[in-house]
Structure formats: C-alpha cells, structure tokens
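One structure is given here, and the rest of the page talks about it.
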Amino acid sequence: MSMQRYDFELIASWIPEGSHVLDLGCGDGALLAGLAATRRASGYGIDIDDINVLASVRNGINVIQDDLDSGLSTFEDHAFDFVILSQTLQAMWNVQGVMNEMLRVGREGIVTFPNFGYWRHRLDVFRGHMPVSKTLPHSWYDTPNIHLCTVKDFEDLCAKVGAEILDERVLHAGRQVKLLPNLLGSLGVFRFRRRP
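The numbering of the sequence shown is the working numbering, which starts it at 1 and goes up by one.
Written as structure tokens, this is what we have:
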C-alpha cells in the first residue's frame, strides 16, 4: 500500500525496520499499513470513530476503539518504539495529557499538525474569517479542530512537557520549508523523546 500524504512519507523515513508502533487517531489505518509494508513495522492503531475502526480492520490493522483524551492506561511504559499522532493533535481536548502519555508509552513520539501560523491562515484571519485550506479543510462551525497551534506553540509545548525535539520539519506541498518555516509552512512534523 502506498502512502499518499506527505507527512506519512516523512514519518516512514524516521521509522527503522521492525519497529513497534502505536498510531493514535489512526483513521483508516493507512499509515500503519504502509509502515507494515515498507518497514515491517508492527503495532496498533487507536481511533474513536466507528467508520475509521472498521476501515482499519479492513486494511488489516490491529485497532482499538478508544478515546485518546482518556489516556493510554492499557499500555505499559515504553511499550512502543514510536507513538505517532498524525494530524490529530488539534482535535484533542487534553493536548498536554496526550503528549505526556506519548512520552510514557513510547521511546519516541512523532506529531504532525496543520500550522496555524501559515501566512494564508493569518491572511484569512486578518480578512475576518477562519481559514479553510488543505490542512484545515473544515469551516469553523463544523470543524473537529479545537486546539489550533503554530510551529512555535508546539515547540513551547515540547519544552513544557519535557520533550527533547530530535527533528523538526515544516512542509508545504510536500517540500520542506527552511526560510521562515512558521510563516511559509502549512504542516509541522516533529520527532521527539523524553528529555534525559
């Protein structure tokens, strides 16, 4: 199975062969299926949505239906090599709690999120409207997003929860943005671990 999202390609490049992975908010299981096919990764997905759980099962993914905001108490400390939260952070009620749990159950964490600091999003707000884009595809009244953040906000959160950032990439249209990434990049992708 090929992985279609740009953040999936970057995530896959960070996952060594044979890793044990937990995918939080796994959707249809495409990321885990891709990692199993290309990296021989094993693991579980977690999603709360009935349709996503069924799609994950159809994609051959071991999936658990659960609410991420309630924690990951079913998993022991360091049970996974990687815990991934891909474009789901902004839909969490308890973002700091989810980050702490990722650091507890995984040796490393990977988070991707739409960058609210992207210039087009700023321009939409300046014009008096909430942004709608490829990374933020919903209107304000029907969005699942409750905690939007910028790249700088996520860096601050990592410092607050004791996460050491191992790699940080900001992407737009599949390319890494190096010049003014918080302004010119639409998607943040972070790899981190608990600070020693």
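Heads up, the beta-carbon is just placed ideally off N, CA and C, and yes, glycines get one too.
For GLN96, does the three-state DSSP call read helix, strand or coil?
-> helix
Unbroken alpha helix (DSSP H) runs of length 4 or more, entirely within the segment 106-154: which are they?
-> 119-126
If LEU187 sits next to ASN115, beta carbons under 8 Å apart, how far is it from one beta carbon to the other, in whole angstroms?
-> 6 Å
Do the segment 29-40 and the segment 8-15 meet, that is, are 3 or more Cβ pairs less than 8 Å apart?
-> yes
Could you give the distance in angstroms between the alpha-carbon of SER2 and the alpha-carbon of GLY34?
-> Note on SER2: pLDDT 38, under 50, position unreliable in the model; the coordinate value appears next. Going from the Cα of SER2 to the Cα of GLY34 covers about 6 Å.
Any idea if GLN176 is buried or exposed, counting beta-carbon neighbours within 10 angstroms, 16 or more meaning buried?
-> exposed
Is the distance from the Cβ of GLU101 to the Cβ of ARG191 below 8 Å?
-> no
Out of curiosity, what's the CA-to-CA distance linking VAL125 and PRO131?
-> 7 Å
Pick from TYR118, ARG122 and ASN145 that is closest to GLN90, judged by C-alpha positions = ASN145
Of all the alpha helix (DSSP H) runs that stay within the bounds of the segment 34-76, which reach a length of 4 or more residues?
-> 50-58
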